[in-house]
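A.B. asks:
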Amino acid sequence: MASLGPGSGSGISLPGMLDMMHDINDKLSETKGAIGLIEKTLGKLGYNVGEGSGRVSCNQETCISALQVEKLKQMVAEKEKVLLEKDQEIIGLRRQVLGLQARPTLTQSEADDVEMQPTVERPATPEASSSHHVHRPLSPVDSVTIGEDDDGTQTLDLPKPSLVTTDLRTLNRPTVLPEWSSLEPCFMTTKKTFALDIPTGIVSQSEPMYCYQGLLWHTAETRDHAYLIRPQSLFNPLQLDRDLQWTANTELDGIVGHVREVFYPEDGSGCDVRYAGTYRFLETVELLPSDHDMIPEKLLGKIRSSGLAVDGSALSTKLRSKAFKNIHTQYQAGNKMLVCLVMQCIGFNKRLYEDLMLLQGPKRGKRMAKAASKELSKKRKLVEDDEARSRKRMTKVSTFL
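Using my numbering, you'd call the opening residue of the sequence shown number -11 and step up by one each time.
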């Protein structure tokens, strides 16, 4: 990890600096708590600290309470000085952190340069490699991709679901697979617009498929074969006939035996999309309730909720809440099932990936520059807020002195 470098005034690494900030914040909390107790005591003694009054309602030479007030006043002033010092330390550290990140990952001028590159439209014949085992390096970004809007990813070695007959450990793996750390999201899309967002001019050997809630990789190390979990039934709360509210989910019907170019959302964001590779679908089976433990809890909830047959945003808050409650109740009671699609990785279409990256490069570059600029603005705002609080505290301290 690089240190702050010349001009920073410190050789502390960024993680070390962040640890210091956490420690200082903890001390600030303790000091603020002590001040709170002191001010509470002062209030009981008839002294209004908030107004900065130095007068007491009795003779200071004979009244014990008056003597306590004077002592507590000094303690408050000392604690306020400590807070002021810690505030200044935090401001200094945040400024150094800000200096480390002052330059966006991709500047606007660089993004404009990317846009000058020509787009590619060529009828390429994709190459899908197949055959024997190869160690596939683990991506630092994601090994098990969690569903949309998740705040992180998890690394899991998944057991074989009870009713799955295929042993993924015995399947052949492609001989040539890229290092996941070298791959990037190749375009942006959503569940609703995926079919429209695939750029024109891209030719692939098989149809694209978007696993919008992510994949569960069989093992974190090899990260090739995978499971896709979907609800077996869909619930329509707008259907008045209760017997017709639940219908079969047909999205995976007829897919076994076919091959698809598989995409999934990066980090569960549901926006930046990664290309996983070329996959053959081997079987679909029901998951027993005991198999649900293999699915991260947050993803499990999202998969069940995706069984809503209508657009949730079109429902009233009350009806939507009632619908989701109904869905989860049915699963908890064991009345509804999830299905597992077993996916074998048979290759990686490098031409498809490169074409997508080239076509989407200008848009992605501009968006990265905009995101970096926005993040930098947030950090600057934090520093400005810290400075404002410090000035306010300095004014307050001066009233005690």
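By construction, the Cβ of each residue, glycine as well, lies at the ideal position given by its N, Cα and C atoms.
Check serine 365 in the structure and name its three-state DSSP category.
C.D. replies: It is helical.
A.B. asks: If you drop the 5 nearest sequence neighbours on each side, which residues of the same chain put their C-beta closer than 8 Å to that of glutamine 233?
C.D. replies: If we look at glutamine 233 and ignore the five residues flanking it on each side, its Cβ neighbours are Phe223, Asn224, Pro225, Gln227.
A.B. asks: Since arginine 218 and glutamate 239 are thought to touch, with beta carbons under 8 Å apart, how far apart are those beta carbons, to the nearest angstrom?
C.D. replies: The Cβ separation is near 7 Å, so the contact holds.
A.B. asks: Are the Cβ atoms of arginine 192 and lysine 324 separated by less than 8 Å?
C.D. replies: Note that residue 192 corresponds to serine in the displayed sequence, not to arginine. No, they are not a contact pair.
A.B. asks: By Cβ distance below 6 Å, which residues in the same chain neighbour tyrosine 198 in space, the five residues on each side in sequence not counted?
C.D. replies: Only Phe182, Phe251 meet the Cβ criterion.
A.B. asks: Under 6 Å Cβ to Cβ from serine 194, same chain only, skipping five residues before and after it: list those, please.
C.D. replies: These residues qualify, in order along the chain: Val247, Arg248, Glu249.
A.B. asks: Only counting runs of 3 or more residues, tell me where the beta strand (DSSP E) segments fall wholly within the stretch 281 to 313, in order along the chain.
C.D. replies: Listed in chain order, there is nothing to give.
A.B. asks: Taking tyrosine 267 as the reference, which of Asp260, Val261, Pro253, Gly245 has the closest Cα?
C.D. replies: Closest option to tyrosine 267, Cα to Cα, is Gly245.
A.B. asks: Classify isoleucine 12 as helix, strand or coil using the three-state DSSP reduction.
C.D. replies: Isoleucine 12 falls in the helix class under three-state DSSP.
A.B. asks: Once the 5 residues before and after leucine 288 are set aside, which same chain residues still bring their CB inside 7 Å of it?
C.D. replies: Closer than 7 Å at the Cβ level, and outside the excluded window around leucine 288, lie His280.
A.B. asks: With which residues is alanine 376 paired in a DSSP beta bridge?
C.D. replies: According to DSSP, alanine 376 bridges with nothing at all.
A.B. asks: By a C-beta neighbour count over all protein chains shown, 10 Å radius and 16 as the cutoff for buried, is arginine 292 buried or exposed?
C.D. replies: Arginine 292 is buried by the Cβ-count criterion.
A.B. asks: Have a look at the DSSP bridge pairing and note the partners of glutamate 73.
C.D. replies: Answer is none; glutamate 73 lacks a bridge partner.
A.B. asks: Just the Cα atoms here: how many angstroms apart are leucine 159 and proline 173?
C.D. replies: When rounded, the distance between both Cα atoms is 27 Å.
A.B. asks: Comparing C-alpha positions only, which one of Leu340, Leu270, Lys286 sits nearest to leucine 171?
C.D. replies: Selected option, being the one with the closest Cα: Leu340.
A.B. asks: Put glutamine 201 into one of helix, strand or coil per three-state DSSP.
C.D. replies: Three-state result, glutamine 201: coil.
A.B. asks: Which residues bound the alpha helix (DSSP H) around alanine 183?
C.D. replies: 182 to 185 is the span of the alpha helix (DSSP H), which, as asked, contains alanine 183.
A.B. asks: So the candidates are Gly295, Pro284, Tyr200; which of them puts its Cα closest to the Cα of alanine 236?
C.D. replies: Looking at the Cα atoms, Gly295 is the closest of the given residues.
A.B. asks: In three-state DSSP terms, what is isoleucine 23?
C.D. replies: Helix.
A.B. asks: Over the uninterrupted beta strand (DSSP E) stretch that includes glutamate 167, give me the two end residues.
C.D. replies: No beta strand (DSSP E) holds glutamate 167; DSSP gives it neither H nor E.
A.B. asks: Thinking C-beta only, is cysteine 328 closer than 8 Å to proline 149?
C.D. replies: Contact: yes.
A.B. asks: Measuring only the C-alpha atoms, how far is threonine 317 from threonine 207?
C.D. replies: C-alpha separation (whole angstroms): 31 Å.
A.B. asks: Indicate the three-state DSSP secondary structure (helix, strand or coil) for glutamate 239 in the structure shown.
C.D. replies: Note: glutamate 239 maps to coil in three-state DSSP.
A.B. asks: Check whether the Cβ atoms of methionine 331 and leucine 216 lie closer than 8 Å to each other.
C.D. replies: Yes, the Cβ-Cβ distance between methionine 331 and leucine 216 is below 8 Å.
A.B. asks: So what's valine 371 in DSSP terms, helix, strand or just coil?
C.D. replies: If DSSP states are grouped into helix, strand and coil, valine 371 belongs with the helices.
A.B. asks: Quick one: measure Cβ to Cβ for serine 378 and glutamine 76, integer angstroms, because I've assumed they're closer than 8 Å.
C.D. replies: Yes, serine 378 and glutamine 76 are in contact; Cβ-Cβ is about 6 Å, under 8 Å.
A.B. asks: As a quick exercise: from Pro196, Lys67, Val261, pick the residue whose alpha carbon is nearest that of threonine 177.
C.D. replies: Threonine 177 has its Cα closest to that of Val261, out of Pro196, Lys67, Val261.
A.B. asks: What are the partner residues of glycine 335, as DSSP defines its beta bridges?
C.D. replies: Answer is Thr266.
A.B. asks: Put leucine 344 into one of helix, strand or coil per three-state DSSP.
C.D. replies: Note: leucine 344 maps to helix in three-state DSSP.
A.B. asks: Who are proline 219's beta bridge partners in DSSP?
C.D. replies: According to DSSP, proline 219 bridges with Leu326.
A.B. asks: Report all residues from its chain with a CB closer than 7 Å to the CB of leucine 156; omit the five preceding and five following residues, and keep chain order.
C.D. replies: Result list for leucine 156: His206, His213, in chain order.
A.B. asks: Since glutamate 271 contacts valine 152 with CB under 8 Å, what's their CB separation in whole angstroms?
C.D. replies: Indeed, because the Cβ distance is near 7 Å, the residues count as touching under 8 Å.
A.B. asks: Do valine 277 and tyrosine 200 have their CB atoms nearer than 8 Å?
C.D. replies: Residue identity differs from the one stated: residue 277 is proline in this sequence, not valine. No, they are not a contact pair.
A.B. asks: Could you check if proline 147 is buried or exposed, using at least 16 other CB atoms within 10 Å of its CB as the buried criterion?
C.D. replies: Looking at its Cβ environment, which holds fewer than 16 other Cβ atoms inside 10 Å, proline 147 is exposed.
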